[in-house]
Every structure is written in C-alpha cells, then in structure tokens.
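Numbering (UniProt numbering), first residue to last: 1 to 85.
Where a beta carbon is used, it is the ideal one built from N, C-alpha and C, also for glycine.
Small disclaimer: the values here were computed from a predicted structure and weren't measured.
1. Identify, in the order they occur along the chain, each residue of the same chain with its Cβ nearer than 6 Å to the Cβ of residue 39, setting aside the five sequence neighbours on each side.
2. Is residue 41 closer than 8 Å to residue 58 when the C-beta atoms are compared?
3. Please report how far the alpha carbon of residue 31 lies from the alpha carbon of residue 76, in whole angstroms.
4. Residue 55 lies in the beta strand (DSSP E); which residues open and close that run?
5. Going by Cα to Cα distance, which pick from 72, 46, 54, 67 is closest to residue 29?
6. So, at 6 Å on beta carbons, what are the nonlocal neighbours of residue 45 in its own chain, with the 5 sequence-adjacent residues on each side left out?
7. Tell me whether residue 47 sits in a helix, a strand or coil according to DSSP, three-state version.
In structure tokens:
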C-alpha cells in the first residue's frame with residue numbers, strides 16, 4: 001500500500017549558463033614604395049669665328065623626381081562562439 005504522506009520536494013536544478021567567447025583579430029599591412037628618377041642632360045656648343053675666336057658653352061641640366069606611394073590595408077575579423085553548457 002502507498003503511504004499518504006507528501007514526498008519531499010526537491011529544488012529545481014539550475015541549468016548551466018551559456019558561455020560566450022568573442023575573438024577579434026586585426027591585421028594591418030603597410031607597403032611603401034619610393035621611386036627616384038634622375039635625368040642629366042649636358043649640351044656643349046662650340047663656335048669659332050673667322051677672327052679665330054673660339055667660344056664654348058656647356059649647359060648641364062639635372063632633374064630629380066621622387067615619388068612615394070604608401071598603401072595601408074587593415075583587416076578586422078570578429079568571431080563569436082556561444083556554447084550552451
């Protein structure tokens with residue numbers, strides 16, 4: 001026969017809380033390119049007249065061009081993982 005008494009009441013079990021993990025990765029790449037171009041031009045002119053006069057003219061031109069290019073790339077990756085215990 002079953003007894004008429006109340007059974008002991010057990011408290012409810014607490015379920016495990018979820019665990020959330022967030023990972024952020026940032027990658028930055030910088031590339032710098034420098035180009036220098038130098039151009040030199042020399043011109044010599046000699047002139048002789050009938051009275052035996054010689055004139056020499058030398059002209060030198062130097063041109064320098066410098067170009068710098070900087071490229072920066074930034075990549076960010078975020079990963080979120082939730083684990084239910």
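According to the data block:
1. 63
2. no
3. Across the structure, residue 31 and residue 76 are spaced so that their CA atoms are roughly 18 Å apart.
4. 54 to 83
5. 72
6. 57
7. strand
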